[in-house]
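In what follows, a single structure is set out as structure tokens and then discussed.
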Amino acid sequence: MTESNNEQQPKRTLAEGVTFAIACFILFTLTGLVLYNWLAKKQEPPIISVTRNTPIRETQGQFYVPFTVTNTGGETAESVQIIAELRVNGEVVESGEQQIDFLSSGETEEGAFIFSRDLSQGELIVRASSYQLP
Numbered sequence: 002m003t004e005s006n007n008e009q010q011p012k013r014t015l016a017e018g019v020t021f022a023i024a025c026f027i028l029f030t031l032t033g034l035v036l037y038n039w040l041a042k043k044q045e046p047p048i049i050s051v052t053r054n055t056p057i058r059e060t061q062g063q064f065y066v067p068f069t070v071t072n073t074g075g076e077t078a079e080s081v082q083i084i085a086e087l088r089v090n091g092e093v094v095e096s097g098e099q100q101i102d103f104l105s106s107g108e109t110e111e112g113a114f115i116f117s118r119d120l121s122q123g124e125l126i127v128r129a130s131s132y133q134l135p
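Going by the working numbering, the sequence shown opens with residue 2, and the numbers climb by one from there.
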């Protein structure tokens, strides 16, 4: 008895065909999204902005200063340094700083500084001071 080289492979079942089609669809969709993101991504450095749009609150003699930091640039920023200073007669009398580890393009983070002095006695400045590129 000789075996023939013309053996036919078994036909795929309907479930195998549907599974294969779904897997191909997912693969092509992900590939397309990655390519779109790569082509549409802004090619500019991080643009960091700090805003204070929530009122300052006083609790037990401490003043809480909420802030929001946003990266509107195209690249990710790491180690974003935020500084708050209370100046009275041009001199810094109290300050604080915070570091945000990771801020991707379009991302927003929130935080708060805590001061022990009455903020109405001087000028409060909240700003971003530095960042690193990954």
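By construction, the Cβ of each residue, glycine as well, lies at the ideal position given by its N, Cα and C atoms.
By how many angstroms is the C-alpha of residue j removed from the C-alpha of residue i?
i    : j    : result
T79  : G112 : Per the sequence shown, the amino acid found at residue 79 is Glu instead of Thr. Whole-angstrom Cα-Cα distance: 16 Å.
F114 : Q133 : 22 Å
F1   : A129 : The chain is shown only over 2 to 135; residue 1 falls outside these bounds and no answer can be derived.
I57  : L120 : 9 Å
I27  : E17  : 15 Å
V66  : L40  : 39 Å
V19  : L36  : 26 Å
L31  : V89  : 55 Å
L34  : S50  : 28 Å
K12  : F21  : 14 Å
N38  : Q9   : 44 Å
Which same chain residues end up closer than 7 Å to residue i when comparing Cβ atoms and leaving out the 5 residues on each side of it in sequence?
i   : result
Q44 : G75
A24 : none
Excluding the five sequence neighbours on either side, which residues of its own chain have a C-beta within less than 6 Å of the C-beta of residue i, listed in chain order?
i    : result
I126 : E86
P135 : T77, E79
Tell me, to the nearest whole angstrom, how far the beta carbon of residue i is from that of residue j; I am working on the premise that it is less than 8 Å.
i    : j   : result
I83  : V70 : 6 Å
G107 : N72 : 7 Å
For residue i, which beta-bridge partners are listed by DSSP?
i    : result
I27  : Answer is none; I27 lacks a bridge partner.
A129 : I83
Determine contact between the segment 55 to 62 and the segment 86 to 97, defined as no fewer than three beta-carbon pairs at a distance below 8 Å. no
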